[in-house]
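Here the structure is laid out as structure tokens; the discussion comes afterwards.
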Amino acid sequence: MTGDDDAAITADGLRKRYGAVQAVDGVSLSVRRGEFFGLLGPNGAGKTTTLEILEGPREPDEGTATLLGERPWPRNPRLLPRIGVQLQASAFFERLTAREQLATFASLYGVGPRRAEEMLARVGLAEFAGTQAEKLSGGQAQRLSIACALVHEPELGAWTLTTAQVEDQ
Ligand SMILES: Nc1ncnc2c1ncn2[C@@H]1O[C@H](COP(=O)(O)OP(=O)(O)OP(=O)(O)O)[C@@H](O)[C@H]1O
Ligand SMILES: [Mg+2]
């Protein structure tokens with residue numbers, strides 16, 4: 001265990017560079033258990049890169065992070081059942097219905113189909129349970145993606161809401 005027990009997420013001095021682009025330049029933050037925390041910023045500001053470092057798949061150039069008291073890097077399999085993360089782009093099995101999709105994610109975590117059905121209702125997709133993922137609207141697909149990330153009732157959930165900013169010319 002690292003850090004204090006009440007901290008869900010800590011980041012201290014995170015930096016990440018892709019070639020000439022300094023994507024993350026000294027991010028420090030702390031999120032307590034039970035707290036809702038939003039990371040806002042313009043397109044390209046480094047939000048996704050920061051989330052990837054916190055979740056574990058991306059190694060920071062500098063700085064340290066903890067998630068539920070554990071280090072996420074190198075990839076930490078103990079953390080995976082305890083967190084649910086929906087990144088910006090979701091890949092679904094296109095031919096599966098929303099219900100089948102969620103039941104598949106649930107089974108990967110050893111969760112039964114009843115919980116999957118509850119989650120569908122909770123994100124307002126009950127009437128689309130029989131719809132194939134490729135036929136859902138963008139927002140409905142985002143809802144399904146959030147349901148997939150939270151179906152195993154993780155201690156910590158993170159999701160991405162996408163917007164595009166277009167400057168007036
Ligand atoms: N895999 C990568 N390789 C090279 N450059 C990358 C990579 N991922 C992101 N970048 C660059 O790093 C910067 C930060 O990108 P990032 O995706 O973290 O931003 P973001 O805040 O999530 O943006 P958005 O609001 O558009 O989702 C951008 O300049 C982007 O072009
Ligand atoms: Mg992003």
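Under the working numbering, think of the first position of the sequence shown as 1, with each following residue one higher. Glycine included, every Cβ here is placed at the ideal spot set by N, Cα and C.
- Remark: the shortest separation between the CB of Thr66 and any heavy atom of ligand 2 does not fall under 7 Å.
- Here Glu52 has Arg58 as same chain residues with Cβ atoms under 7 Å from its own Cβ, once five neighbours each way along the sequence are excluded.
- Sorted by position in the chain, Tyr18, Val21, Ala23, Gly41, Asn43, Gly44, Ala45, Gly46, Lys47, Thr48, Thr49 and Gln88 make up the residues whose C-beta lies under 6 Å from a heavy atom of ligand 1.
- Set against 7 Å, the gap from the CB of Thr97 to the closest heavy atom of ligand 2 is not smaller.
- The straight-line gap separating the alpha-carbon atoms of Thr97 and Leu144 is approximately 10 Å.
- Taking C-beta separations shorter than 7 Å and ignoring five residues to either side along the sequence, the partners of Leu120 in its chain run Ala98, Arg99, Leu102, Ala126, Ala129 and Ala147, following chain order.
- Going by beta carbons, Val85 and His152 fall outside the 8 Å limit.
- Following the DSSP letters along the chain, one finds Arg99 inside the alpha helix (DSSP H) bounded by residues Ala98 to Leu108.
- Going by DSSP, Lys47 is part of the alpha helix (DSSP H) stretching over Lys47 to Glu55.
- DSSP, reduced to helix, strand and coil, places Leu79 outside both helices and strands of the structure shown, so it counts as coil.
- Distance from the Cα of Ile9 is smallest, within the candidate group Gln142, Leu67 and Ala133, for Leu67.
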